[in-house]
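Residue numbering for the sequence shown follows the working numbering, starting at 11 and increasing by one per position.
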Amino acid sequence: MLSLFSELRVFIAVTFLVGLLISPEPMGLSPAQAETFACAHRGDTEAAPENTLPAIQSAVEKGAAQIEFDLQLTKDGRLVLMHDLTLKRTTGQEGKVGDYTLDEIKQFDAGAWHSEKFERTPIPTFEEVLEIIPHDILCNCHLKGGPEVGAAAARVVKELDRLDHCFLAATIEQAEAAKEIAPDILICNMSRQTAPHTSYAEQTIELGCEFIQLLGSKENLKETVQRLHDHGVQVNFFHGNNEEDIRALIAADVDYILTDRLDLCLGLLETQEGER
Numbered sequence: 011m012l013s014l015f016s017e018l019r020v021f022i023a024v025t026f027l028v029g030l031l032i033s034p035e036p037m038g039l040s041p042a043q044a045e046t047f048a049c050a051h052r053g054d055t056e057a058a059p060e061n062t063l064p065a066i067q068s069a070v071e072k073g074a075a076q077i078e079f080d081l082q083l084t085k086d087g088r089l090v091l092m093h094d095l096t097l098k099r100t101t102g103q104e105g106k107v108g109d110y111t112l113d114e115i116k117q118f119d120a121g122a123w124h125s126e127k128f129e130r131t132p133i134p135t136f137e138e139v140l141e142i143i144p145h146d147i148l149c150n151c152h153l154k155g156g157p158e159v160g161a162a163a164a165r166v167v168k169e170l171d172r173l174d175h176c177f178l179a180a181t182i183e184q185a186e187a188a189k190e191i192a193p194d195i196l197i198c199n200m201s202r203q204t205a206p207h208t209s210y211a212e213q214t215i216e217l218g219c220e221f222i223q224l225l226g227s228k229e230n231l232k233e234t235v236q237r238l239h240d241h242g243v244q245v246n247f248f249h250g251n252n253e254e255d256i257r258a259l260i261a262a263d264v265d266y267i268l269t270d271r272l273d274l275c276l277g278l279l280e281t282q283e284g285e286r
């Protein structure tokens with residue numbers, strides 16, 4: 011007899027696969043793309059404070075193909091951009107996002123810590139961010155929290171008609187909750203990032219996820235990327251912040267390089283394209 015955990019794994023796998031089969035092919039996605047692109051990690055953080063509208067807007071204007079940002083729920087159930095478990099580092103406030111309502115969150119300064127230029131920059135909502143990202147740029151929505159964050163994010167993506175270019179970087183539990191709201195929502199598997207690339211890749215293929223985020227070791231990376239591509243999975247890699255790493259990730263054929271140095275990454279990608 012299957013254990014409860016095994017039964018759950020089978021159910022989740024079937025749910026993902028069914029969602030994959032009925033999903034329309036999203037705009038701009040090509041499982042076998044031969045080119046590597048830049049993903050602005052938390053926006054263009056060299057130009058503006060992370061996870062704020064100025065950082066997102068700068069990434070859009072510079073030509074990032076994908077923009078990553080972090081989502082958490084406020085006390086009254088609204089999704090806002092925040093990476094850390096607490097507000098201290100980027101706002102100076104005590105506590106967590108979930109301790110405050112959206113109205114309270116909007117009073118906090120999320121820019122002064124970065125530079126005087128960005129004093130009084132507010133924490134944006136998910137909806138505000140989607141308003142400034144065009145449909146030809148992928149939104150890498152990194153979920154922070156439990157399954158309820160997955161459900162809330164899927165609801166916003168569906169209601170705003172952004173299923174074509176938004177995907178949720180999620181755990182299995184978050185993704186399952188999201189699929190209940192929007193069965194055809196795109197998922198980036200984040201459940202086993204610390205596992206070896208091979209087993210993590212196999213889990214992602216089994217679940218039918220459209221994306222995976224790899225990190226750390228580059229050992230056998232090209233082979234792992236090829237296997238994932240063979241099964242229609244696009245590969246994000248965290249991260250590439252120097253020339254050596256970025257060139258290695260390009261050579262491994264990863265699809266998107268998460269970077270905190272967007273200008274450097276875009277420049278190297280342009281140079282690499284010119285050498286092909």
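Glycine included, every Cβ here is placed at the ideal spot set by N, Cα and C.
* Closest to residue 317 by CA distance: which of 153, 114, 79, 133 is it? -> Since the first residue shown for the chain is 11 and the last is 286, residue 317 is missing from the structure and cannot be characterised.
* For residue 211, decide whether its Cβ has a neighbour in chain C, counting only Cβ atoms nearer than 8 Å. => The chain labelled as chain C is not found in the depicted structure, where only one protein chain is given.
* Skipping 5 residues on each side, what residues in its chain have a beta carbon closer than 8 Å to that of residue 300? -> As shown, the chain starts at 11 and ends at 286. That puts residue 300 outside it, with no answer to give.
* Close-in-space but distant-in-sequence residues of the same chain around residue 271 (CB under 7 Å, 5 per side omitted) -> The residues are 56, 251.
* Through-space distance from residue 86 to residue 163, alpha-carbon basis -> 14 Å
* Asked: Around the Cβ of residue 184, are there at least 16 other Cβ atoms within 10 angstroms (buried) or fewer (exposed)?
  -> Buried: at least 16 other Cβ atoms inside 10 Å.
* **Residue environment, residue 144, which counts as buried when at least 16 other CB atoms sit within 10 Å** => Here residue 144 is exposed. Its C-beta has fewer than 16 other C-beta atoms within 10 Å.
* Under 8 Å by Cβ, that's how I've got residue 249 and residue 231 pegged, so tell me the actual separation to the nearest angstrom. => About 14 Å; that fails the 8 Å criterion.
* Would you mind sorting residue 268 into buried or exposed? The rule is 16 or more other CB atoms within 10 Å of its CB. => buried
* Asked: Do you know offhand how far residue 63's Cα is from residue 244's?
  -> The straight-line gap from Cα to Cα measures roughly 26 Å.
* Counting only the same chain and skipping the five closest in sequence on each side, list residues whose C-beta sits under 6 Å from that of residue 259. => 247, 250, 267
* To do: Let me know the beta strand (DSSP E) ranges lying completely inside the segment 193–263, each 3 residues or longer, listed in chain order.
  => 196–199, 221–225, 244–248
* Asked: Alpha carbon to alpha carbon, how far is residue 278 from residue 256?
  -> Going by the C-alpha atoms only, they are around 8 Å apart.
* In three-state DSSP terms, what is residue 78? -> strand
* Which class does residue 135 belong to by DSSP, given the choice of helix, strand or coil? -> strand
* **Assigned exposure category for residue 54 - 16 Cβ within 10 Å defines buried** => buried
* Asked: alpha helix (DSSP H) containing residue 191: first to last residue?
  -> 182–191
* To do: Thinking residue 52 and residue 79 are a contact (beta carbons under 8 Å), I'd like their distance in whole angstroms, please.
  => Correct: roughly 6 Å between the Cβ atoms.
* To do: Please classify residue 60: is it buried, with 16 or more other beta-carbons within 10 angstroms of its beta-carbon, or exposed?
  => buried
* **Pair within 8 Å by beta-carbon distance, residue 152 and residue 81** => yes
* To do: Can you tell me which of 140, 111, 101 puts its alpha carbon nearest to the alpha carbon of residue 131?
  => 101
* Below 8 Å CB to CB, which residues in the same chain sit around residue 75 once its five sequence neighbours on both sides are set aside? => 47, 48, 49, 147, 148, 266
* Where do the ends of the alpha helix (DSSP H) carrying residue 1 lie? -> The structure shown does not extend to residue 1, since the chain spans only 11 to 286, so no value can be given for it.
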